[in-house]
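Notes to accompany the following structure.
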Amino acid sequence: MTIAPTRVRARRLSGCKPTGHLQLGNLFGMIAPLVAGQDDSETITMLADLHSLTVEHDPAAVRALTLEQAAVLLAAGVDPERCTLYVQSHLPEHAQLHYLLECATGYGEAQRMVAFKEKAARAEQVRLSLLTYPVLMAADILLHDTEQVPVGDDQLQHVELARAVANRFNGRYGPTFTVPVAVPAPVAARVMDLADPTAKMGKTNVVGVGVLGILDEPEVVRRKVMRAVTDSGSTVRRDRENQPGVTNLLEIYQACTGSAGDFASYGQLKRETAEAVVAVLRPIQERYEALRQRPETVERVLREGASRARPRAAATLRRAGEAIGLVSF
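Remember, the working numbering sits 27 above the position in the sequence shown when you count from 1.
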């Protein structure tokens with residue numbers, strides 16, 4: 028009797044939503060751990076363009092940002108030989124499984140999502156897709172028989188919904204989905220806004236002066252860091268509660284260099300942090316520029332990634348459809 032080899036690497040899914048330019052928090056919180064884990068896990072990375080449509084958007088910008096983010100990921104070290112990288116909308120199975128999961132999800136479950144409440148409170152007109160996008164996120168996860176989902180605190184609720192829907196579906200219709208677990212994001216993920224160090228740095232921040240984009244030119248990085256909000260007093264020390272601005276700069280410096288540093292003044296801290304950020308971003312920007320000159324390379328990677336992901340996605344969709352009562356041939 029032949030015994031099949033045991034797969035020891037867990038399957039992980041990560042995603043980027045093309046709603047803005049990737050920034051330093053994305054680099055330390057999502058991209059760097061993703062790159063470091065390519066040999067330790069079976070890695071799938073998705074550019075979640077369908078999720079970008081849940082709010083008001085510019086179609087041309089979504090397309091441009093999707094390709095830009097793909098190139099940035101590749102420039103930062105995502106290896107298409109070790110990581111399946113593709114665009115969400117290139118696999119129609121995402122949207123098809125989304126509908127099947129809606130048939131196993133309660134309205135109240137979707138309405139209770141914190142992200143929906145926050146975004147709906149800010150919007151004049153709330154799209155139905157904004158309510159149901161956590162179910163699409165569940166479909167994204169379950170489609171690949173994902174075992175681990177690296178997330179920050181703000182996304183834990185969505186993974187819990189995916190787990191709840193998977194367990195319910197399995198209980199009603201028979202074993203169908205792998206039930207995923209959330210993997211906490213590393214501590215370095217929490218890079219704060221330079222202009223408001225009590226808020227997380229984000230790629231969709233309305234005011235960009237506090238956001239360090241991965242593609243920001245060196246002089247732009249230096250200008251933003253030198254204008255970063257600090258605190259009253261003159262002592263350079265970590266104190267998230269009383270000195271959030273200084274603490275943020277110290278943590279950015281350490282994330283860039285691996286060293287805690289030793290600074291006599293706020294000015295020295297800002298200068299050295301700016302140069303540390305520039306040094307980290309320079310090789311990524313150089314590789315990105317080379318890829319930008321060869322757009323066919325990025326497009327080929329995305330096509331091949333979708334082709335590689337499609338067989339498992341199709342098998343999962345077929346399995347779920349048959350389980351819930353659809354006729355298949």
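C-beta atoms are modelled at their ideal positions from N, C-alpha and C, and glycine is treated no differently. Note that the coordinates shown come from a computational prediction; the quantities given were computed from them, not determined experimentally.
- DSSP places Met140 in the coil class of the three-state scheme, outside both helix and strand.
- Among the bridge pairs identified by DSSP, Val208 is matched with Gln175.
- Membership of Ile241 in any alpha helix (DSSP H) is not indicated, and neither H nor E is assigned to it by DSSP.
- Residue state for Val114 is assigned as strand, using DSSP reduced to three classes.
- Within the same chain, Val162 and Val192 come within 7 Å of Thr132 by CB-CB distance, once the 5 residues on both sides are set aside.
- Comparing alpha carbon positions, the residue from Val236, Leu308 and Leu277 closest to Lys297 is Leu277.
- Residue nearest to His185 within the set Gln152, Arg139 and Asn197 is Arg139 (criterion: CA-CA distance).
- Counting along the chain, Arg39 sits inside the beta strand (DSSP E) bounded by residues Ala37 to Cys43.
- Within the same chain, Thr111, Leu112 and Tyr113 come within 6 Å of Gly332 by CB-CB distance, once the 5 residues on both sides are set aside.
- Judged by pairs of C-beta atoms under 8 Å, the stretch 261-270 does not touch the stretch 236-250, as fewer than three such pairs exist.
- In chain order, Asp67, Ser68 and Glu69 place their CB closer than 7 Å to the CB of Arg36, counting only its own chain and leaving out the 5 sequence neighbours on each side.
- Ranked by how close their Cα comes to the Cα of Gly352, the residues Gly201, Ile71, Glu83 and Leu188 have Gly201 in first place.
- Looking at the backbone, the Cα of Val89 and that of Arg346 are separated by about 32 Å.
- Relative to Val208, the option among Tyr134, Ile241 and Val178 whose CA is nearest is Val178.
- Note on geometry: alpha-carbon atoms of Val252 and Ala336 lie some 40 Å from one another.
- By the CB criterion at 9 Å, Leu54 and Ser156 fall outside the cutoff.
- When C-alpha distances from Arg319 are compared across His78, Gln96, Met164 and Asp85, the shortest belongs to Gln96.
- In this structure Thr225 is exposed. Its beta-carbon is surrounded by fewer than 16 other beta-carbon atoms within 10 angstroms.
- Along the length of the stretch 37-100, whole beta strand (DSSP E) runs at least 3 residues long occupy 37-43 and 68-74, reported in chain order.
- Short of 7 Å from the beta carbon of Thr324, and not among the five residues preceding or following it, lie these beta carbons of its own chain, in chain order: Leu318.
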